[in-house]
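**Q**
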Amino acid sequence: MSVRGFMEFVEIRTKAASVIPFLLGTVYALHRFRTFHLKNFVLMLVSLLCIDMATTAINNYMDEKRACKKRGETHPASEKYGFGKAAALAVIFALLLVAAAFGLLLFLNTDFVVLALGAVSFAVGVLYSFGPVPISRTPFGELFSGAFMGVLIPFLAFYIQTYHLGLLRLAFQGGVFRIAVNLPEVFYVVLVSLPAAVGIANIMLANNICDMREDAENGRYTLPTYLGKNNALKVFGALYYSGYLALAVLLATGVVPPVCILVFGTFVLVRKRIRAFREKQSKKETFVLSVQNFVLMNGALVLTLAVSVAAGGVL
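For the sequence shown, the UniProt record's numbering begins at 1 and goes up steadily by one.
1. Using DSSP's beta-bridge definition, name the partner residues of I135.
2. Do P134 and L127 come within 9 Å of each other at the CB atom, strictly closer than that value?
3. Three or more C-beta pairs closer than 8 Å, one from the stretch 32 to 40 and one from the stretch 82 to 102: is that the case here?
4. Between which two residues does the beta strand (DSSP E) carrying F172 extend?
5. Measuring only the C-alpha atoms, how far is L239 from L115?
6. On the criterion of 16 or more Cβ atoms from any shown chain inside 10 Å, does P258 qualify as buried, or is it exposed?
7. Short check: CB of T222 to CB of C260, under 9 Å?
8. Taking a contact to mean a Cβ-Cβ separation below 9 Å, would you say P21 touches I153 in this structure?
9. Looking at the structure shown, is F140 part of a helix, part of a strand, or coil, going by DSSP?
10. At which residue ranges does the stretch 198 to 279 contain complete alpha helix (DSSP H) runs of 4 or more residues, listed in the order of the chain?
11. Please list the terminal residues of the continuous alpha helix (DSSP H) segment that includes R32.
12. Find the nearest neighbour of residue 317 within the set V113, L30, G150, G125, judged by alpha-carbon distance.
13. Going by the CB atoms, is the gap between F277 and L233 shorter than 9 Å?
14. With a threshold of 6 Å on Cβ separation, who are the neighbours of residue 319 within its own chain once the five nearest residues in sequence on each side are excluded?
15. Which value, in whole angstroms, describes the spacing of the CA atoms of A16 and G175?
16. Are L30 and A311 closer than 9 Å when you measure CB to CB?
17. For R169 and A180, what's the separation of their Cα atoms in angstroms?
18. Buried or exposed: which applies to G254, given that a residue is buried once 16 or more other Cβ atoms fall within 10 Å of its Cβ?
19. Assuming K150 and I209 form a contact by the criterion Cβ under 8 Å, report the distance between their Cβ atoms to the nearest whole angstrom.
20. Per DSSP, what kind of secondary structure is A196 in: helix, strand or coil?
21. Measure the CB-CB distance between A246 and L191 and report whether it falls below 9 Å.
22. Please name the residue or residues paired with R13 in a DSSP beta bridge.
23. Specify the secondary structure class of F36 as computed by DSSP and reduced to three states.
24. Alpha carbon to alpha carbon, how far is residue 317 from Y241?
25. Quick one: using the 10 Å Cβ neighbour count with 16 as the cut-off for buried, is L301 buried or exposed?
26. Leaving out five residues before and five after V10 in sequence, what residues of the same chain have Cβ atoms less than 7 Å from its Cβ?
27. Comparing alpha-carbon positions, which option in G146, T110, I51 lies nearest L97?
28. How big is the Cα-Cα spacing for G5 and L165?
29. Rounded to whole angstroms, what's the CA-CA distance from G243 to E285? Just pull it up for me.
30. What is the rounded straight-line gap between the Cα of D111 and the Cα of F33?
31. Tell me whether the beta-carbon of L296 lies closer than 9 Å to the beta-carbon of T266.
32. Rounded to the nearest angstrom, what separates M212 and V120 at their Cα positions?
33. Among L23, S18, P224, whose alpha-carbon lies nearest the alpha-carbon of Q161?
34. Grouping DSSP H, G and I as helix and E and B as strand, with all else coil, what is A311?
What follows is the structure in structure tokens.
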């Protein structure tokens, strides 16, 4: 197996969609509570990247397997990525094993909240591309990708830095399950995560809009299939605008520092790309605009938060 083939199989170029939300949760914890645990940071980063790569690999494996069946072949992954079924499955299981191992170490270094949320994330990551009806092939793909990658990743990244503060606690005593939540702080994390959530949902939505004809032929009933292309394109734009609205609320309430107002400087470029995608929906030419918008908008938010932290919170 070549390194290039592996990189293509796991689509390493797309991992910004998980790394940026992870960094967002981390710098927000630094901004909000001035706390950082390097060991937890490394453990979650490795586990996150491995489960993300495994999810992508499963998706590509299943797609290639279906394509092989149509062509009457029996060797999924061999033609497109340069290795056979056994190697592809070995990569998938190895990635899942490493993700689970580092996730377990992270739990042992934190608490049961991380175990519970990590287990849910792990299950959704696998079911997103695998099973009788993968989530990615249903109208709920955008919702799950936005919620789990855009909200749960930043929340976990935030929580592993602040778990000792008791913002969220689970307990089981005397046959009674108890949960204690600092609702304002949890709400703020969710609000901070919204720009990432809508950006990731739009990557999925743009992909499905571009694939509408192919999906119809293959019996995939994604969200644009139900909405129709025109309505799906309206949702595409509205999601970005809701992300900026969330940022305005964060600034108005003082949850994020004033320097984050600079993120609005990305609005002109984001709107330009929205219009370009509305004019033409092409996997090769315009799909990348959704990725660029996500990186631009959320990269700017991470950067401005980091600048504020570096300046001691005075900006």
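In this text, a Cβ means the ideal position worked out from N, Cα and C, and glycines have one as well.
**A** Let me lay it out:
1. Walking along the sequence shown from the start, residue 135 turns up at place 135. For I135, DSSP records no beta bridge to any residue.
2. Within the sequence shown, the letter at position 127 stands for residue 127. Within the sequence shown, the letter at position 134 stands for residue 134. Going by C-beta atoms, L127 is nearer than 9 Å to P134.
3. In short, these stretches do not touch, since the Cβ pair count stays below three.
4. To locate residue 172, count along the sequence shown from 1; it is residue 172. Counting along the chain, the unbroken beta strand (DSSP E) around F172 starts and ends at 168 to 173.
5. As a position in the sequence shown, residue 239 is number 239, starting the count at 1. As a position in the sequence shown, residue 115 is number 115, starting the count at 1. Roughly 31 Å separates the two Cα atoms.
6. As a first step, residue 258 must be located in the sequence shown, where it is residue number 258. With a 10 Å radius around the Cβ and a threshold of 16 neighbouring Cβ atoms, P258 comes out exposed.
7. By one-based count along the sequence shown, residue 222 stands at place 222. By one-based count along the sequence shown, residue 260 stands at place 260. Going by beta carbons, T222 and C260 fall outside the 9 Å limit.
8. On the sequence shown, position 21 is the one that residue 21 refers to. On the sequence shown, position 153 is the one that residue 153 refers to. Their beta carbons are under 9 Å apart, which means P21 touches I153 by this criterion.
9. Counting from 1 along the sequence shown, the entry for residue 140 is found at position 140. DSSP places F140 in coil when its eight states are reduced to three.
10. Those alpha helix (DSSP H) runs which fall completely within the stretch 198 to 279 and span 4+ residues are 212 to 218, 223 to 227, 229 to 253, 267 to 279.
11. Residue 32 sits at position 32 when you count from the first residue of the sequence shown. Per DSSP, the unbroken alpha helix (DSSP H) holding R32 starts and ends at 16 to 33.
12. Residue 317 lies beyond the residue range present for the chain, which begins at 1 and ends at 315; the question has no answer from this structure.
13. Taking the first residue of the sequence shown as position 1, residue 233 is located at position 233. Taking the first residue of the sequence shown as position 1, residue 277 is located at position 277. Yes, the Cβ-Cβ distance between L233 and F277 is below 9 Å.
14. Shown here, the chain extends from 1 to 315; a query on residue 319 therefore has no answer.
15. Taking the sequence shown and counting its residues from 1, the one referred to as residue 16 is at position 16. Taking the sequence shown and counting its residues from 1, the one referred to as residue 175 is at position 175. Roughly 42 Å between the two C-alpha positions.
16. For the purposes of this step, residue 30 is taken as residue 30 along the sequence shown, with counting starting at 1. For the purposes of this step, residue 311 is taken as residue 311 along the sequence shown, with counting starting at 1. Their beta carbons are not under 9 Å apart, which means L30 does not touch A311 by this criterion.
17. For the purposes of this step, residue 169 is taken as residue 169 along the sequence shown, with counting starting at 1. For the purposes of this step, residue 180 is taken as residue 180 along the sequence shown, with counting starting at 1. In a straight line, the C-alpha of R169 is about 5 Å away from that of A180.
18. To locate residue 254, count along the sequence shown from 1; it is residue 254. G254 should be labelled exposed.
19. Taking the first residue of the sequence shown as 1, we reach residue 150 at position 150. Taking the first residue of the sequence shown as 1, we reach residue 209 at position 209. The sequence shown places Gly at residue 150, rather than the Lys named in the question. For a cut-off of 8 Å, the C-beta gap from G150 to I209 is around 19 Å, too long to register as a contact.
20. One-based indexing of the sequence shown puts residue 196 at position 196. A196 falls in the helix class under three-state DSSP.
21. By one-based count along the sequence shown, residue 246 stands at place 246. By one-based count along the sequence shown, residue 191 stands at place 191. Their beta carbons are under 9 Å apart, which means A246 touches L191 by this criterion.
22. Here the question's residue 13 lines up with position 13 in the sequence shown. Paired residues: none, contrary to the question.
23. For the purposes of this step, residue 36 is taken as the residue at position 36 of the sequence shown. Here F36 sits in coil by DSSP.
24. Since the first residue of the chain shown is 1 and the last is 315, residue 317 is not available in this structure.
25. Here residue 301 corresponds to residue number 301 of the sequence shown, with the count starting at 1. Classification of L301: buried, given that the 10 Å Cβ count is 16 or more.
26. The residue you call residue 10 lines up with position 10 of the sequence shown. Excluding residues within five positions, the ones whose Cβ falls inside 7 Å are M53, T56, A57.
27. As a position in the sequence shown, residue 97 is number 97, starting the count at 1. Relative to the Cα of L97, the nearest Cα in the group G146, T110, I51 belongs to I51.
28. Mapped onto the sequence shown, residue 5 falls at position 5. Mapped onto the sequence shown, residue 165 falls at position 165. The straight-line gap from Cα to Cα measures roughly 44 Å.
29. Your numbering for residue 243 matches position 243 in the sequence shown. Your numbering for residue 285 matches position 285 in the sequence shown. Each residue's Cα considered, the two are about 24 Å apart.
30. To locate residue 111, count along the sequence shown from 1; it is residue 111. To locate residue 33, count along the sequence shown from 1; it is residue 33. Computed Cα separation, rounded: 19 Å.
31. Looking up residue 296 in the sequence shown gives position 296. Looking up residue 266 in the sequence shown gives position 266. Cβ distance < 9 Å, so L296 and T266 count as in contact.
32. The residue given as residue 212 occupies position 212 in the sequence shown. The residue given as residue 120 occupies position 120 in the sequence shown. In this structure, the alpha-carbon of M212 lies about 30 Å from that of V120.
33. Position 161 of the sequence shown, counted from the start, is the residue given in the question as residue 161. Q161 has its Cα closest to that of L23, out of L23, S18, P224.
34. As a first step, residue 311 is located in the sequence shown; it is residue number 311 there, counting from the start. Looking at A311 - three-state DSSP - the assignment turns out to be coil, as it is neither helix nor strand.
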